[in-house]
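Worksheet for the structure shown next.
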Amino acid sequence: MAGPVAVAAVILDPDRPIAGLNDSKKLSEKKREALYPLILERALACCIVLVEADEIDRLNIFQATMAGMSRAVAGLSRVPGEALIDGNKLPKDLPCAGRAIVGGDALEPAISAASILAKVSRDRLMVAMDDTFPGYGFAVHKGYPTPAHLAALERLGPCPQHRRSFAPVRRLLEGSASD
1 MAGPVAVAAV ILDPDRPIAG LNDSKKLSEK KREALYPLIL ERALACCIVL VEADEIDRLN
61 IFQATMAGMS RAVAGLSRVP GEALIDGNKL PKDLPCAGRA IVGGDALEPA ISAASILAKV
121 SRDRLMVAMD DTFPGYGFAV HKGYPTPAHL AALERLGPCP QHRRSFAPVR RLLEGSASD
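Reading the sequence shown from the start, the letters are residues 1 to 179 in this note's numbering.
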């Protein structure tokens, strides 16, 4: 509901495996934070892309995520033979062949590593954003639509990081426009 969508691409080194990789959503914050520097250190290449809230509003969250995936793969210092993409659709404009894998973030180590880099990067950004936009609780809920975030949004109105196309923000803006 607030902040950018983070997308990452990773080429892992088969000679330097990383134990404990899994879907970032299935790992504790502590485990993700421990894996983050290992991934950066051992990967042959990685690229993290943030797609900002205004672009999400312009494109929609799915298209913004797809655009971010294309940018992340294109931003790698090496061109992979094949980009493994979590989900059932491939983004347009990949610089190489691609394969969509449903549940890939739990099945493919490179996708797991990418999901960890993206999640940790976004979470850290949202914690920092808490200082820039106090009162919303970004450090706690990371921009997701929790009851506390919805209450803060109602109390403070949206900040520039809120996605205007998302229903709770849109409803609030439409309500204030008719006042």
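In this text, a Cβ means the ideal position worked out from N, Cα and C, and glycines have one as well.
Neighbour-count burial assignment, residue i, 16 or more Cβ in a 10 Å radius
{"i": "residue 123", "result": "buried"}
{"i": "residue 99", "result": "exposed"}
{"i": "residue 6", "result": "buried"}
{"i": "residue 17", "result": "exposed"}
{"i": "residue 112", "result": "buried"}
{"i": "residue 151", "result": "exposed"}
{"i": "residue 77", "result": "exposed"}
{"i": "residue 132", "result": "exposed"}
{"i": "residue 86", "result": "buried"}
{"i": "residue 158", "result": "buried"}
{"i": "residue 62", "result": "exposed"}
One or two residues paired with residue i in a DSSP bridge
{"i": "residue 99", "result": "84"}
{"i": "residue 49", "result": "7"}
{"i": "residue 162", "result": "2"}
Cβ-Cβ distance between residue i and residue j below 8 Å
{"i": "residue 96", "j": "residue 80", "result": "yes"}
{"i": "residue 117", "j": "residue 39", "result": "yes"}
{"i": "residue 83", "j": "residue 128", "result": "no"}
{"i": "residue 107", "j": "residue 101", "result": "yes"}
{"i": "residue 91", "j": "residue 67", "result": "yes"}
{"i": "residue 145", "j": "residue 160", "result": "no"}
Member of the options whose CA lies at the smallest distance from the CA of residue i
{"i": "residue 54", "options": "102, 163, 174 and 167", "result": "163"}
{"i": "residue 88", "options": "104, 77, 73 and 74", "result": "104"}
{"i": "residue 135", "options": "147, 74 and 156", "result": "156"}
{"i": "residue 45", "options": "172, 20 and 72", "result": "72"}
{"i": "residue 29", "options": "70, 142 and 41", "result": "142"}
{"i": "residue 3", "options": "25, 43, 49 and 15", "result": "49"}
Residue i: first and last residue of the uninterrupted alpha helix (DSSP H) it sits in
{"i": "residue 77", "result": "Note, residue 77: premise wrong, no alpha helix (DSSP H); not H, not E."}
{"i": "residue 131", "result": "109 to 132"}
Chain C contact for residue i (CB, 8 Å cutoff)
{"i": "residue 157", "result": "Annotation note: the requested chain C is absent from the structure, which comprises a single protein chain."}
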